[in-house]
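Residue numbers (this note's numbering): 3 to 354.
What follows is the structure, given as structure tokens:
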């Protein structure tokens, strides 16, 4: 229900803790919802619930109050938040909007039976299997000495799905991914940051984390999508869902129906679209080349086939064509692991 949860409440001034705790118990909790775009369907199929507190006309962000909350406060937040989310979901269904809702769960909750009991109340709201997802926040360490796979399996008997949040940061991401029965993984927003990093450096991480997650049978979400040009690359990589300010900011539940009615994200299949799309095409092409154990002895026909693949997305100009020829020559003569190929690859990236 937040983007981060800290249990270090002792570090916060006592008056601040009392203030937020009292507000939480006096109906100040106001859940907001951020849509997740299904990249194959081109429509919103999920929303993530995010906690806010309302004090008069002021909406208080979670970063202000969450660090001050104690363990009992977090339980109250979960119980009240879940009830509010499922009530809102039923209101959406009455106007024809049927989406999966996700709620954040602090890692420590997995060994606290009170959270399990609270989650069982989802059935009271008519929430069926697969309609509620719990996101285990990567920012907190998982409890020790607990058979977490069995704890998660217990929740799954309630029809609840699980997501690993913030993949790529924090505590033993890959170990969690391998060992625990998650249904979905969310690649952290820091991985998808195009403001401080070049797309040529960002996209390989997204590509390979997507392949890893899907190879393990998980749906993959990329968080922090602020530039819609990135959506082209995510579709090419086969990413399942995308989330971020470039799609929508968190909003009150009553605003979601109008937003959905007014917003359209039809899949784009333009082969020569954005730079992000061209880079993604290059990476997928290279993946196919790497899978060919006989690349160095490819026939002329095979070489022409590789050129045809590239030409579907490469800009039709002299520098790009020259860089393409250099890349294909280096792949044929020296192999894709050679220094000559890496240099040719950099020239092609510069051209596109």
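Beta carbons: idealized from backbone N, C-alpha and C, even for Gly.
Q | Where residue 162 falls: helix, strand or coil (DSSP) | A | coil
Q. Leaving out the 5 sequence neighbours to the left and right, which residues in its chain are closer than 8 Å to residue 2 when beta-carbon positions are compared?
A. Because the chain spans 3 through 354 in this model, residue 2 falls outside it and cannot be assessed.
Q) First and last residue of the alpha helix (DSSP H) that includes residue 47? A) Per DSSP, residue 47 belongs to no alpha helix (DSSP H); it is in the beta strand (DSSP E), 45-52.
Q) In the DSSP assignment, what are the bridge partners of residue 56? A) Looking at the DSSP output, residue 56 bridges to 61.
Q) Can you tell me the Cα-Cα spacing of residue 314 and residue 280, whole angstroms? A) 10 Å
Q. Where do the N-terminal and C-terminal ends of the alpha helix (DSSP H) with residue 278 fall, by residue?
A. 277-293
Q) Fully enclosed by the segment 191-244, which beta strand (DSSP E) runs are 3 residues long or longer? A) 221-224
**Q.** For residue 106, the residue or residues it bridges with in DSSP
**A.** 137
Q: Evaluate contact between the segment 251-266 and the segment 232-239, counting only Cβ atoms and requiring at least three cross-stretch pairs below 8 Å.
A: no
Q.
Output needed for residue 276: all residues of its chain with C-beta closer than 7 Å, excluding positions within five of it in sequence on either side, in chain order.
A. 231, 234
Q. Do you know how far the Cα of residue 19 is from the Cα of residue 11?
A. Note that residue 11 scores 40 on pLDDT, short of 50, meaning its location in the model is unreliable and no value can be drawn from it.
Q.
Taking contact to mean 3 or more Cβ pairs, one atom from each stretch, closer than 8 Å, check whether the segment 75-83 and the segment 107-127 are in contact.
A. yes
Q.
Here's the rule I'm using: 16 or more other beta-carbon atoms within 10 Å means buried, otherwise exposed. How should residue 345 be labelled?
A. Exposed.
Q.
Quick check on residue 7: does DSSP put it in helix, strand or coil?
A. Residue placement at residue 7 is flagged as unreliable, the pLDDT there being 38, under the threshold of 50; the coordinate-derived value follows with that caveat. Of the three classes helix, strand and coil, the one that applies to residue 7 here is coil, per DSSP.
Q: Identify the continuous alpha helix (DSSP H) that holds residue 76 and give its terminal residues.
A: 73-96
Q. Would the beta-carbon of residue 55 fall within 8 Å of that of residue 33?
A. no
Q | Simplified DSSP state of residue 254, which is helix, strand or coil | A | strand
Q | Spatial neighbours of residue 347 in its chain, beta-carbon cut-off 7 Å, leaving aside the 5 residues before and after | A | 329
Q: Report the three-state DSSP secondary structure of residue 2 (helix, strand or coil).
A: For residue 2 there is no data in the structure shown, the boundaries of the chain being 3 and 354.
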